[in-house]
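Heads up: the sequence shown is residues 1 to 477, going by full-length UniProt numbering. Below you'll find the structure, written out as structure tokens, and then a few comments.
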Amino acid sequence: MEELFLIKCIDQIHDGLCNGLARFSGASRAALIYALDKDSPLRIYDPCDLLRGHEPRLEEIYLKHKKKTQNPPAEEANGPGEYAHPELAGIIACGGHFPSIFYQTWFSEHHVDMCSTGPTQRWLEYACRLLSQDLGTKSITDLETSGYVLQNFATHAVRDHIVDMRNLSLGPDTRLRIYPILDAILNISKTQEEGKWAFGDLIFVEPSQVHRIHYLATFGDFERPALKDFKHTRKLLQAVEGNKHKLVSNGQKIIGIGTGRMPDFSVTAEFRGNHGFIRVQDETICSFADGGFHSSTRQANLVQLEEVLLELNLDSSKLYTIMKVASTLVRSAQERKHGCALVLDFGSPLANISGQHLETPLDLKRHMDLDLATSLAKVDGALHIDMMYLKLHAFASLLDGRAVAGENRARGARYNSALRFTAEHDQVILVVVSSDRPISIIQHGAEIKARCDWEPKYQCLSEPMTLEDWIQQPNHS
Numbered sequence: 001m002e003e004l005f006l007i008k009c010i011d012q013i014h015d016g017l018c019n020g021l022a023r024f025s026g027a028s029r030a031a032l033i034y035a036l037d038k039d040s041p042l043r044i045y046d047p048c049d050l051l052r053g054h055e056p057r058l059e060e061i062y063l064k065h066k067k068k069t070q071n072p073p074a075e076e077a078n079g080p081g082e083y084a085h086p087e088l089a090g091i092i093a094c095g096g097h098f099p100s101i102f103y104q105t106w107f108s109e110h111h112v113d114m115c116s117t118g119p120t121q122r123w124l125e126y127a128c129r130l131l132s133q134d135l136g137t138k139s140i141t142d143l144e145t146s147g148y149v150l151q152n153f154a155t156h157a158v159r160d161h162i163v164d165m166r167n168l169s170l171g172p173d174t175r176l177r178i179y180p181i182l183d184a185i186l187n188i189s190k191t192q193e194e195g196k197w198a199f200g201d202l203i204f205v206e207p208s209q210v211h212r213i214h215y216l217a218t219f220g221d222f223e224r225p226a227l228k229d230f231k232h233t234r235k236l237l238q239a240v241e242g243n244k245h246k247l248v249s250n251g252q253k254i255i256g257i258g259t260g261r262m263p264d265f266s267v268t269a270e271f272r273g274n275h276g277f278i279r280v281q282d283e284t285i286c287s288f289a290d291g292g293f294h295s296s297t298r299q300a301n302l303v304q305l306e307e308v309l310l311e312l313n314l315d316s317s318k319l320y321t322i323m324k325v326a327s328t329l330v331r332s333a334q335e336r337k338h339g340c341a342l343v344l345d346f347g348s349p350l351a352n353i354s355g356q357h358l359e360t361p362l363d364l365k366r367h368m369d370l371d372l373a374t375s376l377a378k379v380d381g382a383l384h385i386d387m388m389y390l391k392l393h394a395f396a397s398l399l400d401g402r403a404v405a406g407e408n409r410a411r412g413a414r415y416n417s418a419l420r421f422t423a424e425h426d427q428v429i430l431v432v433v434s435s436d437r438p439i440s441i442i443q444h445g446a447e448i449k450a451r452c453d454w455e456p457k458y459q460c461l462s463e464p465m466t467l468e469d470w471i472q473q474p475n476h477s
């Protein structure tokens, strides 16, 4: 019965963790390595094969060096304590020792477009606490509660990371309350003024340090707008729109408008229209959009394009220039909220494409020509670019071809036309930017993804394998 309870606890927390992180960072997997007591074997719960490929490193850490057999420090014997987290490429880990379970470490994915790993680490840290708590209380009626908590932990994870950063530098005796600040940021971001989203910076400063700011304008003590008056704060943000000034708050009231250097470890909310970012010092903590917090930097993710270009054995300077031009065109399309397609043609001669051809190709290495290309990308059709010389030969190009397997009816004509065109032209790489932000890299009639889509594996609950048996498993599929 106790074994079944343990497995059920792990399963509920794992599901809640994956669902919660999926909302915060996109589709995410999670895994657990644990030992109930010092003499128990290490076991692994990894239903989605997150840790496959890391077997040598895990064997070195856990089986050769026997990390988990280390006793926790004496001061941690009666309370939670952290071990050094295993360093695995592309993985975020957090674990430690707790009274109810000798050792546990939760793992999740380090997405390439994360602002910061801090909130995700706090998420994993809380999963550790909840598993220990569930095993300590052994309450069957509260078994699903931990999963529900982890599904909606984004605000708490962001808050915990900000508090940890500030406490390390300013000490725990601070008066700036983070929860009301995060609530205000989301509400202001959802408030339109005359049909427009918020732009500008709102900075939250420790009350004891507000006098250190150089103010351009201040409000009287009895006329300071309350931060909870979101509509009024949204109106005042117009005063710092399009300049480097900041609207200053002490966490409860709006003090005035400041400029120049701000006190260290203040919390800054940068409103950028329908989205924004939260920063502390030089670290971007997270982004916010659609009434929630997210880990995404909201920048074009062209990792797959870089990997394809590396296979062409280009020299580093040419690779850098191609990536710079492609990033500029993609970023412009995203900011202007229009779709576009880039045909990167490395053939000789170039592919024959129907479109609006230029008598003299634009040299995309020149700033003025690249700026013009960003405008031409708004016209329906693709940009035909000679990738080896970085010259734009045509715009409004039509991509045609016969139907291919793998077409996606959930995507638009631009995406499926790119699949058809690349299936018949081996010498091109297509970058497709949809108006709703997704970016696809297409070659040889297929989209190139960082990883294959995975599906949850449904199975009867059974005791997780020992880490040693899992590493020695011949079939890693």
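Built from N, CA and C at the ideal position, the CB exists for glycine as well. In this text the structure is predicted, and so the values were computed from the model without any measurement.
Run the CB neighbour count on residue i, radius 10 Å, all protein chains shown included, and call it buried at 16 or more, exposed below.
| i | result |
| --- | --- |
| F222 | exposed |
| A413 | exposed |
| I140 | exposed |
| G53 | exposed |
| H65 | exposed |
| V112 | exposed |
| D43 | For clarity, residue 43 is Arg in the given sequence; the question names Asp instead. When all chains shown are included, R43 counts as buried. |
| D380 | exposed |
| M387 | buried |
| K244 | exposed |
| P119 | buried |
| Q104 | buried |
| S348 | exposed |
| G260 | exposed |
| E335 | exposed |
| Y62 | buried |
| A93 | buried |
Which residue wins for smallest C-alpha separation from residue i, given the options the options?
| i | options | result |
| --- | --- | --- |
| T174 | L202, A300, Q209 | Q209 |
| I101 | L130, S440, D164, E144 | L130 |
| E415 | A184, V343, Y34, D264 | In the sequence as displayed, the identity of residue 415 is Tyr instead of Glu. The option with the nearest alpha carbon to Y415 is V343. |
| K449 | Q304, I44, L186 | Q304 |
| I13 | D201, V149, M165 | V149 |
| R224 | Q238, I254, P207, I162 | I254 |
| D400 | K391, R420, A410, R411 | R420 |
| D426 | S375, E3, S169, F346 | F346 |
| V280 | A31, A418, C115 | C115 |
| Q121 | L21, G273, A351 | L21 |
| P361 | K196, H393, Y389 | H393 |
Just verifying my parser: in three-state terms, what is the DSSP assignment at residue i?
| i | result |
| --- | --- |
| T466 | strand |
| Q472 | helix |
| P180 | helix |
| T191 | coil |
| V240 | helix |
| C115 | coil |
| A154 | helix |
| R279 | strand |
| F230 | helix |
| A382 | strand |
| L88 | coil |
Can you tell me the Cα-Cα spacing of residue i and residue j, whole angstroms?
| i | j | result |
| --- | --- | --- |
| E424 | D46 | 40 Å |
| F153 | I213 | 34 Å |
| residue 480 | I188 | Residue 480 lies beyond the stretch modelled for the chain, which goes from 1 to 477, so this question has no answer here. |
| E468 | N408 | 42 Å |
| L176 | C18 | 31 Å |
| F230 | G136 | 43 Å |
| Q473 | K8 | 24 Å |
| S477 | I471 | Here S477 scores only 48 on pLDDT, less than 50, and its place in the model should not be relied on; the value that follows carries that caveat. Near 13 Å, if we compare the C-alpha coordinates of I471 and S477. |
| H444 | R402 | 13 Å |
| A382 | Y126 | 47 Å |
| R16 | R366 | For the record, residue 16 in the displayed sequence is Gly; it is not Arg. Distance between the alpha carbons of G16 and R366: 50 Å. |
| residue 479 | A89 | With the chain running from 1 to 477 in the structure shown, residue 479 is simply not present. |
| E76 | A157 | Low local confidence applies: a pLDDT of 49 at E76 is under 50, so the model's placement there is unreliable, and no value is given. |
| L6 | R23 | 26 Å |
| R298 | L4 | 42 Å |
| G26 | I185 | 22 Å |
| F288 | P41 | 42 Å |
Just to confirm the assignment: which complete beta strand (DSSP E) runs, minimum length 3, are found wholly within the stretch 282-343? If we require 3 residues or more, the beta strand (DSSP E) runs fully inside the stretch 282-343 come out as 283-289, 292-294.
Contiguous beta strand (DSSP E) assignments of at least 3 residues, all confined to the stretch 1-69: Taking 3 residues as the minimum length, the beta strand (DSSP E) runs contained wholly in the stretch 1-69 are 30-35, 43-45, in order along the chain.
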